Each structure stands twice: as structure tokens, then as C-alpha cells.
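Inspection log for the structure reproduced underneath, given as C-alpha cells.
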Amino acid sequence: MTTPTAQTDKEDPWTTFRDFLSSRGLRITNQRHAIFEAAYEYQQHFTAEELLDRAREIDSTVSRATIYRTLPILVESGLIREVDIGKDYKYYMAHHSADNFKAQVICMDDDRIYEIDAPFMEWYGKAVAAKLGLEVVSQRLQVQAKHRKDSALSQAVEDARKNALTSGANKA
């Protein structure tokens with residue numbers, strides 16, 4: 008989990024991103040602006056493909072390649088968090104608040120990602136790194152979990168899975 012470093016309380020995220028691009032010698036293009044705007048419209052996690060669809064609504068010239076080149080820049084800037092749940096794609100989420108360290112709890116049954124405030128983890132990571140004479144570059148707390156077998160939600164997920172298998176078999 009990367010802690011945002013570029014954004015200050017007084018700067019809006021777009022200004023922070025423009026400054027970050029300039030500091031790296033990168034151009035501020037209409038396509039990058041559309042990608043940034045699309046990412047910040049999301050209140051939940053999104054994939055690169057979902058971002059592409061939304062960015063193209065803002066600027067039809069945004070390409071898939073530009074999305075995949077811009078996402079790592081947004082992550083490096085600290086304005087977007089990357090969440091890898093062990094699939095062949097990643098999720099992203101815009102930092103709408105610069106001061107809340109988040110942990111993710113990922114449900115392996117349905118790929119839901121729950122963002123949990125975890126301010127103690129930021130402190131703990133910095134304290135441990137300092138004791139070792141190191142400086143934190145990034146940190147993340149990610150918990151993978153499954154529905155408990157005795158929970159009503161777990162039973163509902165299992166019932167839905169069985170119904171999907173049964174209806175698929177009936178079509179054949």
C-alpha cells in the first residue's frame with residue numbers, strides 16, 4: 008500500500024498529478040487528464056478495462072496502451088492505489104483522502120475488496136523500519152478471507168453457485 012506523498016492538504020489531486028508529471032519530465036496530455044478524471048470519478052475499485060471505458064466517455068482518443076502506461080504513473084504519484092488480488096488483472100482505487108491508511112480484506116469467494124481504516128499499520132510500519140535504520144517506501148496490509156461455512160452469506164453464495172451449475176446443465 009503506497010502512502011500518498013505528493014498530495015498536500017491545500018492542493019487538489021489534479022494539481023498534484025500535473026506537478027508530478029512535470030517533475031518527471033512527462034507531458035500533460037488531454038488523454039492523461041481524461042484518465043485522471045475517470046479514475047477520480049470512481050468511489051470504488053476499478054480495473055484498467057473499466058477505466059478505459061470511462062476515460063473514453065471523456066475523451067474518445069484514449070487508447071488501451073495509454074491506460075496501461077498511465078496507471079503505473081498514477082500509482083507512483085501516490086494518487087491511486089493498486090490492489091493485486093492474485094488474478095490476471097489488478098484493481099485500482101483513487102485516494103480521495105490523503106490521511107487515511109487503508110488495509111484491504113479480499114473475499115476469495117466473490118473477489119469483493121473491503122477497504123478498512125488501519126492507521127495503526129502506518130505507524131507500525133514506520134516504527135519497525137526506523138528501528139532497522141530504513142525508510143518506508145510503501146506498505147500494505149492485505150488479508151485474504153473466505154466466507155465462514157456457518158454464515159448465511161456463505162450459504163447464499165453456495166446456493167447461487169449450485170443454481171448456476173444446475174441451470175447451465177439444464178441448457179445442455
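Sequential numbering of the sequence shown, starting at 8, is according to this note's numbering. All residues carry an ideal CB built from backbone N, CA and C; glycine is no exception. Given the structure is predicted, the values throughout are model-derived calculations rather than measurements.
By the neighbour-count criterion, in which 16 or more other beta carbons inside 10 Å mark a residue as buried, A62 falls on the buried side.
DSSP places D26 in the uninterrupted alpha helix (DSSP H) bounded by 20-30.
DSSP assignment within the segment 42-69 yields the following whole alpha helix (DSSP H) runs of 4 residues or more, N-terminal first: 55-65.
For E89, the uninterrupted beta strand (DSSP E) segment begins and ends at 87-90. Q146 sits in coil when the DSSP states are folded into three classes, being neither helix nor strand. Of the residues R71, K133, W21, the one whose Cα lies closest to the Cα of Y47 is W21. Around R25, the same chain offers I35 as residues with beta carbons nearer than 7 Å, after the five sequence neighbours per side are excluded. Under the three-state reduction of DSSP, K138 is assigned to helix.
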